[in-house]
Structures are given as structure tokens and as C-alpha cells.
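Right, one structure below, let's go through it.
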Amino acid sequence: MRYAFLPPLITLTLAALLAGCSDSEAPAQSGGARPAPEAGYITIEPEAFTLVNELPGRTSPYQVAEVRPQVTGILEKRLFNEGNTVEAGDALYQIDDKLYQASLASAKADLASTQATLKTAQLKSDRYEKLIKSGAVSQQDLDEVRSSLSENQARVAAGKAAVQTATINLEYTTIKAPISGRIGRSAVTAGALVTANQATSLVTIRQLDPIYVDLTQSYADMQALRNSMEQGQLETLGEDKAAVTLVDENGKTYDQKGTLQFSEFSVDENTGSVTLRALFPNPNGELLPGMFVRARLPQGEQQQAILVPQRGISRDPSGQATAMVIGEGDKVEKREVVTDKAVGNRWLIRDGLAKGDRLIVDGLQKIGPGAQVKPVDVNAQKTGTDSSAPADAGQG
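In this text, residue positions in the sequence shown follow our numbering: the first is 49, and each later residue adds one.
Okay, structure coming up:
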């Protein structure tokens, strides 16, 4: 019975001895210092930066003319090809002009009659002017002759106006293009009755070269821009830098530069935005009315802007933007920063970082505030002047 308990006893003794050995060896294994983690950084250098806002917009014609008849009549023929370019003054439609030719002839005949009557009245007035001196006619007779002369002069003037009106109406039977541009489809055909100043237009002409682009910008953004300029954070652009660039729905950049014409003096109460209008050359007709586009509009420049990679900026649970920089003694410092806007894959920093700061962009997941790190210049590594690389380069 005594020998039955011997194996368990031996087992417990061996376990105690092994545990003692492990405890004695632990200090020896942990006695060496762990190396500082590598942190890839960039040195912040201010640079000149032009603030470019990308705004949505739509194209609209430079001029639009809805052609309507100014006289009533039967349309004889259409004189243009739909979709072609027309010049101002080109004949578009011909209205039957027979009645208007007759009206002009009648007005001319009436004028000739009144002119003949006027001539007779003028001769009579001249005689009475001479006879009144000798007393051959009374003053009343002279006054009546003078009145008749004035009446005939008025009739002649009215006759000339009637001739002019008839001439204009006859000219209106040929409907002409009021502006140059691209003409659309005709709403009427030969044989249709058209009336003067009718509500429905016969055809529409649009001038597309140049062409307008109407943009919308938030009034809050516009006010923030003005405030930045007033505080000296931004400078007004020179004329040579204020050209507007256009990008279509497919991301293609339009090869012609535009100029900003004006901005509205009212805010849309539904959207809180302001409309800006830019003018673009359109010699090849690439831009058509109603197209949705995006315009890159330079609105200010900053000579000492701080732009940093987006991967170097993070946000805490409260939404505050933060950055990790390498401070004195190669220790990590946490900075609260204020971001202005995203510029491509970089942040424009308004406050929190300065020239010469070493911003950590790689190895962020292995460090924390106060940690000792081994700095690795990311830019120097890219140019091959630093052979060392962060253990987790490209992350963070």
C-alpha cells in the first residue's frame, strides 16, 4: 500500500522543480531592452496654394430667341434647314404678302391725294396772305384758309405714317432671324395660318458660342471665403489665375477656359445657395444647353499653406482631428488640429501644425503619445538617401 502513492508524489516534486527553474530563467529572458518602434514622418513645409472650389452647374445659351410672326397670314414656305446655323437677318419663313402689298398701294394713293389737297390749300393760303394787305379779304377768311392748310398738313403726315406702317407690315411677311445661332425644329409647316404675336413660337434660335455656365455655391462657403480674405488668411487672385475650368459628367476637362461674369445678389431661400455665372468659348459646339457640369473655380490663394497627407490625420471619438508629431527626444506628441478642407489626398490645415514639425504618417498603430520612436524620413526613403524603412511602411 505504501508503494501505491509513490508515483504521484514523484510527479508533484518534479513539477515544483520545473516551476522553480522557469521563474529563475524569466528575469534573464526579459532583461534586454525592447527597441523603439520606427515611425515614418514628413517634415512640414508651407507652400503656395490656390483655393479651388468645385461647383456644380448647368449650361445655358448665351442668347435665346423664340421667333413669332408679327403679322397675320398663311405661311407659304419655310426657308431654312432645321438644326443648321443661321445668321441674324436670314429669312426663315415667307407669309403670303398679297394683302399687305395692296395695303401699301392704298396707303400710297391716299398720301398722294392728301398731298395734292395740301398743295391747293397752300396756294390759297399764299394768295390770302397777299390780299389781306390790300383789304380784299377779311381776317376771318384768312384764318379759315390757314386752318384748312394746317388740317391738310396733318392729313399728309398721317398719310406718310400709313405708308410707313404698310411698308413695315409688308416687310414682316418675311420672317427673319433676330440673332445668329443654331436653329431648332419648326413648329409649323407651309399652309399654316399664323397670327401676329401668337403665344406659340414658330422656331427657337440659340446662340451657343459663347455659352453660359450657371454655378451654385453655398452662401455659407462664400461667407467663409470672404472672412478668410478679410483676416488675411487668403489673398485675392490675380486676373491671370482666375480662369474657370470645366469638367463634364465623364470627368473630361474642357479645353477652353472660362471667365466669371457675376454672382447673384440674392440667396435661394430653398437651397441657401448663390448663383454664379461663367462664360465659356464654345467654337466647336461641344457644350449644349442643359448639360450638367462641374466647374473648378479659383477663389483665393495662400502663400504659406500647410498641406499634409490625409493618412497623417485621424479623429478621436468626439470628432476632433488629431495628429501625431515627433517632438524633443524623439518622443511622440499628440496635437489637436483644425482642418479646412480636403485637397485631393491631402488636408489643408488651418491650425495646429507649423513649419518644421515632423508629422508621423507611417507606423501610427504601434505608437502612442509619449512613446519613444525611431524617426524615419519618408521623403528621404523615397529618394533613396535613407536605407532604413518603417516596419509597417505604407500603413497607417
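Quick reminder that beta carbons are idealized off the backbone N, C-alpha and C, glycines included. The model shown is predicted, which means the values in this text are computed figures rather than measured ones.
Residue i versus residue j - alpha carbon distance
i: Ser366; j: Arg82; result: 33 Å
i: Gln170; j: Ala164; result: 10 Å
i: Thr340; j: Tyr110; result: Note that residue 340 is Phe in the sequence shown here, rather than Thr. Using only the alpha carbons, I get a separation of about 16 Å.
i: Gln201; j: Ala139; result: 38 Å
i: Ser234; j: Ser195; result: 55 Å
i: Val112; j: Glu384; result: 54 Å
i: Lys305; j: Ala96; result: 22 Å
i: Asn416; j: Arg406; result: Note on identity: in this sequence residue 416 is Gly, with Asn being the wrong assignment. About 15 Å.
i: Asn427; j: Asn275; result: 35 Å
i: Leu218; j: Leu152; result: 8 Å
i: Lys181; j: Ala160; result: 33 Å
i: Lys289; j: Thr307; result: A caution first: Lys289 carries a pLDDT of 49, below 50, which makes its placement in the model too unreliable to give a value.
i: Phe53; j: Ala419; result: The predicted model places Phe53 with a pLDDT of 43, which falls under 50 and marks its position as unreliable; any figure quoted below should be read in that light. So the two alpha carbons sit approximately 56 Å from each other.
i: Asp191; j: Thr215; result: 36 Å
i: Asp316; j: Leu263; result: 13 Å
i: Leu335; j: Gln309; result: 18 Å
i: Gly183; j: Asp174; result: 15 Å
i: Leu166; j: Gln142; result: 38 Å
i: Ile408; j: Thr98; result: 25 Å
i: Lys178; j: Glu199; result: 21 Å
i: Gly121; j: Gly105; result: 43 Å
i: Asp388; j: Val322; result: 21 Å
i: Val376; j: Val421; result: Looking at the sequence provided, one finds Glu at residue 376 rather than Val. Looking at the two C-alpha atoms, the distance is approximately 11 Å.
i: Ser362; j: Asn132; result: 57 Å
i: Lys125; j: Val236; result: 10 Å
i: Asp269; j: Arg254; result: 33 Å
i: Thr107; j: Glu297; result: 12 Å
i: Gln271; j: Asn318; result: 18 Å
i: Lys172; j: Ala150; result: 34 Å
i: Asp445; j: Leu355; result: Outside the displayed range of the chain (49 to 444) lies residue 445, so it cannot be described from this structure.
i: Asp158; j: Ser186; result: 33 Å
i: Gln188; j: Ser154; result: 36 Å
i: Leu197; j: Glu130; result: 56 Å
Residue i and residue j closer than 8 Å at C-beta
i: Ala238; j: Leu147; result: no
i: Glu114; j: Thr243; result: no
i: Asp399; j: Tyr89; result: no
i: Leu249; j: Arg342; result: It should be noted that the sequence gives Ser, not Leu, for residue 249. Not a contact, by the Cβ cut-off of 8 Å.
i: Val193; j: Tyr176; result: yes
i: Gly320; j: Tyr267; result: yes
i: Thr100; j: Leu345; result: It is worth fixing the name first, because residue 100 is Val in this sequence and not Thr. Yes; because the gap between Cβ atoms is below 8 Å, this pair is in contact.
i: Arg203; j: Thr162; result: yes
i: Lys414; j: Pro85; result: yes
i: Val292; j: Ala326; result: yes
i: Val386; j: Ala402; result: no
i: Leu103; j: Gln265; result: yes
i: Pro94; j: Ala353; result: yes
i: Ala225; j: Gly137; result: yes
i: Pro423; j: Asp378; result: yes
i: Phe328; j: Val261; result: yes
i: Thr91; j: Gly404; result: yes
i: Gly333; j: Leu256; result: yes
i: Leu294; j: Ser311; result: no
Neighbour-count burial assignment, residue i, 16 or more Cβ in a 10 Å radius
i: Gly392; result: exposed
i: Asp410; result: buried
i: Gly442; result: Residue placement at Gly442 cannot be trusted, given a pLDDT of 37 that sits under 50; what the coordinates show is reported in the next sentence. That one is exposed.
i: Asn245; result: exposed
i: Asn330; result: buried
i: Val380; result: buried
i: Glu299; result: Per the sequence shown, residue 299 should be read as Gly rather than Glu. Exposed: under 16 other Cβ atoms inside 10 Å.
i: Pro258; result: buried
i: Thr213; result: exposed
i: Leu241; result: exposed
i: Asp448; result: Only positions 49 to 444 of the chain appear in the structure, and residue 448 is not among them; the question remains open.
i: Gly468; result: Lying outside 49 to 444, the shown extent of the chain, residue 468 is not represented and no answer is given.
i: Gly207; result: buried
i: Thr301; result: exposed
i: Thr222; result: exposed
Anticipated Cβ contact below 8 Å, residue i with residue j, distance rounded
i: Ala87; j: Ile374; result: 6 Å
i: Phe128; j: Ile227; result: That belief does not hold up - the Cβ atoms of Phe128 and Ile227 are roughly 14 Å apart, past 8 Å.
i: Val461; j: Lys156; result: The structure shown does not extend to residue 461, since the chain spans only 49 to 444, so no value can be given for it.
i: Arg394; j: Pro357; result: 6 Å
(message) Please give the ranges of any beta strand (DSSP E) in the stretch 73-153, keeping only runs that are unbroken, at least 3 residues long and fully inside the region.
(response) Within the stretch 73-153, the runs of beta strand (DSSP E) at least 3 residues long that lie entirely inside it are, in chain order, 86-91, 95-115, 121-126, 139-143.
(request) Note down, one range per segment and in chain order, each beta strand (DSSP E) of at least 3 residues found wholly within the stretch 369-415. (result) Those beta strand (DSSP E) runs which fall completely within the stretch 369-415 and span 3+ residues are 369-374, 380-384, 386-391, 394-399, 406-410.
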